[in-house]
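**Q** Residues 0 to 306, numbered by numbering that gives the first Met the number 0, are exactly what the sequence shown covers, in order.
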Amino acid sequence: MKKICCALFLLLMMQAATAQDSVYLFSYFKDNGQDGLHLAYSMDGYTWKALKNDRSFLTPTAGKDKLMRDPCIIRGADGKFHMVWTVSWNEQSIGYASSDDLIHWSAQQDIPVMAKEPDTRNCWAPEITYDAKNKTYMIYWATTIPGRFKAGEGTGDDQYNHRMYYVTTRDFKQFSPAKLLYDHGFNVIDATIVPNGKEYIMFLKDETRTPPQKNIRISTSKQLAGPYSKPSAPITGNYWAEGPTVLKMKGKWLVYFDKYRDHKYGAIESTGGKNWTDVTDKISLPKGLRHGSIFVVTKDEFNKLNQ
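(1) Heavy atom of the ligand NAP less than 7 angstroms from the Cβ of Ile-200, yes or no?
(2) Pick helix, strand or coil for Thr-270, following the three-state DSSP scheme.
(3) Among all the DSSP beta bridges, which residues are the ones paired with Asn-195?
(4) Tell me which residue opens and which closes the beta strand (DSSP E) that Asp-64 is part of.
(5) Go through the region 46–116 residue by residue and report every complete run of the beta strand (DSSP E) that reaches 3 residues or more, in order.
(6) With a threshold of 16 other CB atoms inside 10 Å of the CB of Lys-298, please say whether the residue is buried or exposed.
(7) On a Cα-Cα basis, can you pick out the residue from Val-83, Ile-282, Lys-134, Thr-244 that is closest to Ile-72?
(8) Where does Leu-304 sit, in a helix, a strand or coil, going by DSSP?
(9) For Lys-331, which three-state DSSP category applies?
(10) Using DSSP bridges, identify the partner residues of Leu-203.
(11) Helix, strand or coil: how does DSSP classify Lys-134 here?
(12) Does the Cβ of Lys-204 have 16 or more other Cβ atoms within 10 Å, making it buried, or fewer, making it exposed?
(13) Count the other CB atoms within 10 Å of the CB of Ala-124; is the residue buried (16 or more) or exposed (fewer)?
(14) Can you grab the Cα-Cα spacing for the pair Glu-90 / Leu-66, in whole Å?
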């Protein structure tokens with residue numbers, strides 16, 4: 000009995016040590032994204048503190064406007080951290096860089112993902128999701144091509160009528176041609192896609208201005224590149240929300256989003272993905288944080304960042 004108890008105690012200690020060996024990081028930008036990449040950390044997924052006294056980890060150099068908005072970071076199959084971001088309000092490209100430690104970064108690339116569509120107005124809020132089945136990375140973003148889609152014309156801000164587009168790559172050097180990813184007849188931006196068992200869940204923003212939507216919804220697909228279902232009813236409340244980023248933690252989905260008209264962040268959580276509870280009163284984030292992405296690092300990686 001003593002041996003069993005000791006073994007059980009050691010197992011529980013190992014599980015606790017494993018749980019404590021990871022730290023959540025939040026990549027984000029401030030103001031207009033002119034000073035670059037900011038990082039915050041959390042041990043519990045709710046309370047976040049800025050690293051490096053909220054100074055930038057990387058100054059933007061890609062694109063004509065040299066902004067670094069909406070930074071999305073994932074750990075790739077190669078162990079590296081891969082980041083994409085919005086370089087401008089009105090360019091036809093996105094930014095890309097990689098790092099082994101989130102401190103030292105590769106040369107920044109300006110990837111002209113929509114160069115073959117000369118009427119493209121913008122490339123906003125790019126994100127990356129890894130396709131383990133095909134061993135490729137999918138980069139996706141929101142773009143408006145004037146006159147391309149009749150549905151949604153005149154319902155957005157400043158005549159924007161976005162749809163989601165994507166490219167794939169294995170090495171971040173060669174990219175497939177851009178293709179349409181999501182069109183269900185409405186103005187859509189800020190998609191983020193997470194694997195969930197045998198399906199993929201897309202959290203997206205309905206960007207319709209007239210009549211106002213400006214909320215977060217969900218679509219699903221069996222394949223990363225779609226086709227994705229029609230959107231769910233809004234999962235956010237009676238406020239304008241954008242820039243969702245998702246954390247799956249202890250069997251719960253936790254979705255952060257920017258309540259940008261209220262100049263603060265909100266959060267909702269769910270155990271099954273259907274019924275959502277507002278947990279905004281449980282979260283705490285650095286002042287001025289604008290949306291990006293949440294990912295996980297080891298305690299050793301975090302300690303190097305926090306020196």
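All C-beta atoms, glycine included, are put in the ideal place defined by N, C-alpha and C.
Treat the numbers as computed from the prediction; the structure is a model and nothing was measured.
**A** The structure says:
(1) Ligands displayed in this structure: none; no statement on the ligand NAP is therefore possible.
(2) Note: Thr-270 maps to coil in three-state DSSP.
(3) Answer by DSSP bridge pairing, in chain order: Glu-198.
(4) Unbroken run through Asp-64: none, as it is neither H nor E.
(5) Contiguous beta strand (DSSP E) elements confined to the region 46–116 occur at 68–74, 80–85, 93–98, 108–110, taking only those with 3 or more residues.
(6) Exposed, since its Cβ has fewer than 16 Cβ neighbours within 10 Å.
(7) With distances taken between Cα atoms, Ile-72 lies closest to Val-83.
(8) Helix.
(9) This structure gives no information on residue 331, because the portion of the chain shown stretches from 0 to 306.
(10) As DSSP reads the structure, Leu-203 sits in a beta bridge with Arg-216.
(11) When DSSP states are grouped into helix, strand and coil, Lys-134 belongs to the coil group.
(12) Counting C-beta atoms within 10 angstroms of its own C-beta, Lys-204 has 16 or more neighbours from the protein chains shown and is therefore classed as buried.
(13) Per the 10 Å Cβ criterion, buried.
(14) In a straight line, the C-alpha of Glu-90 is about 11 angstroms away from that of Leu-66.
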